[in-house]
Every structure is written in structure tokens, then in C-alpha cells.
Amino acid sequence: MSEDTANQSTTRPSAYSLDASLGCIGIGIATASFIHMLSFPWWMSMITGQLLLAATLLLLFFPRSIFVLCLFLLSSLTFWFQRLPFVPNHIFFEMLIHASMIGTVLAVGACNWKKRLPAVELRAAIYEQMRPVIMSSLIIMYLFTVLHKLNWDFLNPAVSCAVSMHKELAASVPIIPSSEWTQWPTIIGTLLIELAIPIGLWWRTTRVATVILGLLFHWFLALHPHGGIYSFSHLLYALYAVFLFSSHDNPFQIWQRMPKFGVLAAKLAAVFIFGLACFLQIRAYRTGGSFFTANAIGFYAWLLFALWLTATYAPMLLKAGWRSAPEPMVRPLRILWIFPALVFFNGYCPYLSLKTTTAFSMFANIRTEGTGNNHLFMHRLKLFGYQDDLVEVLGSNDRQLQQYVKTKDLLTWFELRRITSSRKRENLFVKYKRSKDPEDILFKKKGAPKDAELLKPHPWYLSRFLVFRPIGRLDKPMPCRH
Numbered sequence: 000m001s002e003d004t005a006n007q008s009t010t011r012p013s014a015y016s017l018d019a020s021l022g023c024i025g026i027g028i029a030t031a032s033f034i035h036m037l038s039f040p041w042w043m044s045m046i047t048g049q050l051l052l053a054a055t056l057l058l059l060f061f062p063r064s065i066f067v068l069c070l071f072l073l074s075s076l077t078f079w080f081q082r083l084p085f086v087p088n089h090i091f092f093e094m095l096i097h098a099s100m101i102g103t104v105l106a107v108g109a110c111n112w113k114k115r116l117p118a119v120e121l122r123a124a125i126y127e128q129m130r131p132v133i134m135s136s137l138i139i140m141y142l143f144t145v146l147h148k149l150n151w152d153f154l155n156p157a158v159s160c161a162v163s164m165h166k167e168l169a170a171s172v173p174i175i176p177s178s179e180w181t182q183w184p185t186i187i188g189t190l191l192i193e194l195a196i197p198i199g200l201w202w203r204t205t206r207v208a209t210v211i212l213g214l215l216f217h218w219f220l221a222l223h224p225h226g227g228i229y230s231f232s233h234l235l236y237a238l239y240a241v242f243l244f245s246s247h248d249n250p251f252q253i254w255q256r257m258p259k260f261g262v263l264a265a266k267l268a269a270v271f272i273f274g275l276a277c278f279l280q281i282r283a284y285r286t287g288g289s290f291f292t293a294n295a296i297g298f299y300a301w302l303l304f305a306l307w308l309t310a311t312y313a314p315m316l317l318k319a320g321w322r323s324a325p326e327p328m329v330r331p332l333r334i335l336w337i338f339p340a341l342v343f344f345n346g347y348c349p350y351l352s353l354k355t356t357t358a359f360s361m362f363a364n365i366r367t368e369g370t371g372n373n374h375l376f377m378h379r380l381k382l383f384g385y386q387d388d389l390v391e392v393l394g395s396n397d398r399q400l401q402q403y404v405k406t407k408d409l410l411t412w413f414e415l416r417r418i419t420s421s422r423k424r425e426n427l428f429v430k431y432k433r434s435k436d437p438e439d440i441l442f443k444k445k446g447a448p449k450d451a452e453l454l455k456p457h458p459w460y461l462s463r464f465l466v467f468r469p470i471g472r473l474d475k476p477m478p479c480r481h
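Per numbering that gives the first Met the number 0: the sequence shown = residues 0 to 481.
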């Protein structure tokens with residue numbers, strides 16, 4: 000199908016279902032925004048966070064509005080851009096998805112502005128163009144999470160993230176066994192499931208069964224007490240909609256018999272659940288409660304939102320069973336392939352000597368820095384020097400740097416410079432050894448030359464997008480890091 004005809008709508012079974020799928024993905028990403036806010040309460044103290052909350056509420060109540068969708072996407076990108084580079088992996092992935100959705104709206108609008116399509120048909124065309132872009136981006140992300148785990152230390156039960164996370168999960172959910180015999184099944188099972196999901200999503204005939212597998216797998220992962228995991232799960236729950244529904248389908252089939260005031264009541268109930276969870280989290284912190292208490296409150300709220308999405312998907316999952324899921328009805332405009340390409344580039348960054356965090360390398364034991372590459376077969380291309388310029392912190396009066404003295408972790412020079420250039424205290428000092436210089440170096444902020452490199456902040460375009468995790472000693476296995 001040519002690009003000229005790619006956006007033209009075909010005959011639909013009913014006017015109601017023309018844009019219902021766009022409404023479904025709208026509600027899905029709105030509820031994902033709620034769950035992110037429960038996982039990461041930074042939004043409460045930021046104006047952009049308040050604006051994002053307002054846009055999220057608008058999208059929840061008007062999920063088929065293109066204007067409201069764009070307002071939400073821009074609000075989300077603005078808020079999370081302010082938090083860069085210190086955002087979780089799945090939030091950075093969501094930013095790429097949101098950027099692709101805005102790009103799709105603009106591209107489809109530009110292709111159809113002279114045709115004056117009815118609003119419903121335009122929304123259906125936008126959704127059909129979004130589907131293959133989001134589908135391919137999600138598959139690429141999954142593949143990189145597996146690729147990064149194919150390293151010697153993930154396969155080492157003594158340090159493997161799979162084993163350590165399984166033990167932490169078993170401590171929270173005592174019914175889960177955690178004996179030594181579970182270590183290798185956990186490692187192999189993690190790799191097999193995380194590989195089966197993208198492969199299953201790729202093939203049309205296995206997509207429905209794979210979505211069921213994904214829903215179960217990410218529900219199980221969300222039981223882990225680490226902050227933000229249930230937030231990651233809900234984002235994927237929401238995005239699975241593009242694999243299940245075309246613009247021919249009505250995702251709200253199960254709710255059709257509900258009167259209009261019932262739909263409004265359900266949305267108000269969602270707002271109430273979110274508001275109550277926020278209130279309980281704030282109260283928990285103010286009364287001396289731990290992070291785990293607040294995280295548990297967010298988790299139980301997530302269960303209700305996840306249950307709603309699962310119930311929405313249930314008719315399609317039961318009806319389709321092992322049969323094929325609907326294919327996208329159009330080929331995406333060529334310009335939109337830039338977004339899956341960006342997702343691929345982001346995942347490949349560690350092997351290009353660029354960033355090692357927010358590259359879908361969470362809980363993977365991967366190490367590519369210096370001479371300590373532990374991957375089974377991926378060699379790092381030394382295109383940039385960031386990962387070879389390493390620093391061992393020997394002493395400091397800065398609290399964060401003192402932690403690296405205790406753990407004996409290495410830092411990239413890039414991260415050390417980020418830390419020292421951001422500190423305001425005049426008596427800051429750091430004693431360190433740099434890989435480029437075998438001698439110990441003592442840096443003192445007070446009295447340092449004005450052009451001292453460690454006092455210079457990085458350019459914004461580097462500081463926002465490059466971030467490197469602390470590195471375990473190169474002569475020892477890489478410990479589990481997020």
C-alpha cells in the first residue's frame with residue numbers, strides 16, 4: 000500500500016469502533032501516568048508535575064481527543080525531560096514512545112490536511128499508523144533486555160541479578176521457594192521468557208498467547224519490592240493494546256452494556272483510587288513510614304488498574320485464543336521508522352562506548368567499561384572515550400563520593416565531573432586515581448583554577464542524555480545494578 004493511501008480509512012463495522020482503540024490506548028497511558036506518579040513522587044514538588052497530572056486527568060476523561068492526547072504527551076515529555084538523565088529505563092523508553100506518538104499525529108495530520116477526513120476517521124488513521132511503530136519499538140526494547148543479560152556474570156549464580164532479585168522476591172512473598180536449587184532455573188527461565196515475549200509478539204499467530212504470557216510475567220515481576228517495577232509492568236500492560244486491537248475492533252466490548260453515567264462513575268473511581276493512594280503514601284512518609292510502605296500502597300493501587308486493563312483485554316484474549324491477532328491495516332509512513340531506529344540506537348549505546356544506563360540494561364550485570372567487558376559475544380566499539388576514562392575515588396568529604404570509597408566502585412570521569420561541578424560547598428575535596436594517570440590526585444574546589452575541568456558542568460545535551468552507572472571492580476564479577 001502506498002503512503003498516499005496509507006492513511007485512508009476503509010469501511011468499518013460500526014462508527015462506534017472507529018476510534019475506540021485510540022481511546023483504549025489513551026486510557027492505558029493515562030493510567031500508566033497515574034502509576035508512575037505513585038512510584039516516583041517527584042511530580043508533587045514540580046510545576047510541570049502538576050501540569051502533567053492535569054493533562055493525565057483530561058486524557059482519562061477525553062481519551063479520543065487528539066488535542067488532549069497531544070497535550071498529555073507534551074506535558075509528559077516536558078516533565079520527564081526535566082528529570083533527565085536520572086530516570087528509570089522504562090521511563091526513558093516511554094519518552095521515546097510518546098515522542099513517536101506525537102510524530103505520528105503530526106505526520107498523519109500533514110498527509111491528510113487537504114482531505115478533510117471526518118474526525119473519527121482521522122483518529123482511526125492515527126491509531127493505525129501508531130500501531131506498527133509502537134509494536135516494533137516494544138519488540139526492540141525486549142530484545143535488548145535479553146541481549147544485555149547474555150554475559151558471564153548474569154550466568155554466575157553468585158552475583159546474577161536473576162538470583163538476587165528472586166531471593167528478594169521470595170523474602171517478600173514467602174510462598175516462593177528460594178533454595179539453592181532454584182538458582183539455575185531462575186537464570187535460564189528469565190532468559191527464555193524474556194526472549195519468548197519479543198519473538199512471540201513478532202509472529203502474528205502467537206501474539207495473543209504471548210500477550211497472555213507477558214501479562215502473567217510482568218504481574219509476577221511487579222511483586223518485587225524494588226521501586227518502580229510495577230510502574231514498568233503497567234506501561235507494558237497499556238502498550239499491549241496495539242497488538243490486540245485494530246481500528247476495526249472495539250476494546251470496550253465488555254463495558255458496552257454499562258450506561259454512560261456508569262462509565263463516568265468508573266473514571267471517577269479511578270481518580271479516587273489514585274488520590275487515596277497518594278494521600279496514604281504522603282501520610283506514611285509523614286508518620287515515619289518506610290519507602291516499602293509507600294511502595295506497597297502504590298502496588299495495591301496498581302493491582303486495581305491492572306485488573307481493569309486485563310478485564311478490558313479479556314474478550315479478545317478469550318475469543319482469539321491461539322488464533323492470529325489483527326495485523327496493522329497500513330504500512331507506516333517511512334518517516335515514522337525513525338522512532339524504532341532511535342529505540343534501537345538507545346539500546347545499542349553501551350556497545351558504542353556511550354551511556355550504560357537508560358539503555359534497557361536494567362538488572363543485567365552487564366559491564367562494557369574499560370577492560371572489563373563481560374558480554375559473551377558483543378564487543379564494544381571504541382568510538383568514544385567515556386567508558387575508558389575511569390576513576391577510583393580514594394577519599395572525599397562528599398557523601399555520595401564516600402559511598403564509592405566504601406564499595407570500591409569505579410566511576411567514569413564523566414560522572415565524577417558531573418558530581419563535582421554540581422556541588423556548591425567551597426571546601427569540597429576529592430582524592431582519586433584516574434586510569435589515564437597512575438598517580439593519586441587531590442582535587443580541592445577552594446582555590447582551584449577557574450578553568451579546572453572538574454568545575455565545568457557538561458553541556459546540557461550531554462548531561463541530559465549520557466549517564467553511566469558505577470562499575471564494579473574490573474578484576475571481580477559485576478554485581479547486580481539497576
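Glycine included, every Cβ here is placed at the ideal spot set by N, Cα and C. For clarity, every value in this text was computed on a predicted model and none was experimentally measured.
### Message
Distance check for ILE440 and TRP180, CA to CA, integer angstroms please.
### Response
47 angstroms
### Task
Note down the Cα distance separating PHE244 from LEU37, rounded to an integer number of angstroms.
28 angstroms
### Query
In the structure shown, what three-state DSSP assignment does VAL342 receive?
helix
### Buried versus exposed, by CB contacts within 10 Å (16 or more), ASN396
exposed
### Message
For VAL67 and THR204, what's the separation of their Cα atoms in angstroms?
### Response
34 angstroms
### Task
With a threshold of 16 other CB atoms inside 10 Å of the CB of ILE186, please say whether the residue is buried or exposed.
buried
### Message
Quick check on GLN255: buried or exposed, where buried means 16 or more other Cβ atoms within 10 Å of its Cβ?
### Response
exposed
#### Entry: Proximal residues to PRO131 (C-beta, below 7 angstroms), its chain only, five neighbours per side dropped
PRO327, PRO331
### Message
Could you check whether ALA98 and LEU70 sit closer than 8 angstroms to each other, using their CB atoms as the reference points?
### Response
no
#### Entry: For VAL390, the three-state DSSP class (helix, strand or coil)
strand
#### Entry: Identified DSSP bridge partners for ILE440
TYR431
### Task
Look at the alpha carbon of PRO469 and the alpha carbon of PHE290, and state the distance between them as a whole number of angstroms.
23 angstroms
### Message
Report the start-end ranges of each beta strand (DSSP E) in the segment 227 to 303 that is 3 residues or longer and not cut off at the edges.
### Response
none
### Message
If distances are taken between C-alpha atoms only, which option among ILE198, LEU335, ALA240, SER360 comes closest to TRP307?
### Response
ALA240
#### Entry: Beta-carbon separation (whole angstroms), ILE26 vs PRO62, contact threshold 8 angstroms
5 angstroms
### Task
Give a yes or no on whether 8 angstroms exceeds the smallest Cβ distance from LEU275 to chain B.
Of the chains in the structure shown, none is chain B; there is only one protein chain.
### Query
In the DSSP assignment, what residue or residues form a beta bridge with ASN150?
HIS374
### Task
State the DSSP-derived secondary structure class of LEU105, mapped to helix, strand or coil.
helix
#### Entry: Euclidean distance between Cα positions of ASP152 and SER177
19 angstroms
### Task
Indicate the three-state DSSP secondary structure (helix, strand or coil) for ILE174 in the structure shown.
coil
### Task
Please go through the same chain and pick out, in chain order, the residues whose beta-carbon is closer than 6 angstroms to the beta-carbon of ASN6, but skip the five residues on each side of it.
With a pLDDT of 41 at ASN6, under the threshold of 50, the modelled position of this residue cannot be trusted; read the value that follows with caution. The answer, listed in chain order, is VAL107, CYS110, ASN111, ALA124.
### Message
Going by DSSP in three states, LEU410 sits in which element: helix, strand or coil?
### Response
strand
### Reduced DSSP category for ILE470 - H, G, I as helix; E, B as strand; rest coil
strand
### Query
In terms of residues, what are the limits of the alpha helix (DSSP H) holding ALA525?
As displayed, the chain neither begins before 0 nor continues past 481, which places residue 525 out of reach and without an answer.
### Query
Mapping DSSP to helix, strand and coil, what is LYS64?
First, the residue type needs correcting, since residue 64 is Ser and not Lys in the sequence shown. Coil.
#### Entry: Touching by the beta-carbon criterion (3+ pairs, under 8 angstroms), the segment 421 to 428 and the segment 391 to 409
yes
### Task
Mind the definition here: the segment 301 to 317 touches the segment 280 to 290 only if three or more C-beta pairs lie below 8 angstroms; say whether that holds.
no
#### Entry: Segment contact, 8 angstroms Cβ cut-off, at least three pairs: the segment 348 to 368 with the segment 76 to 93
yes
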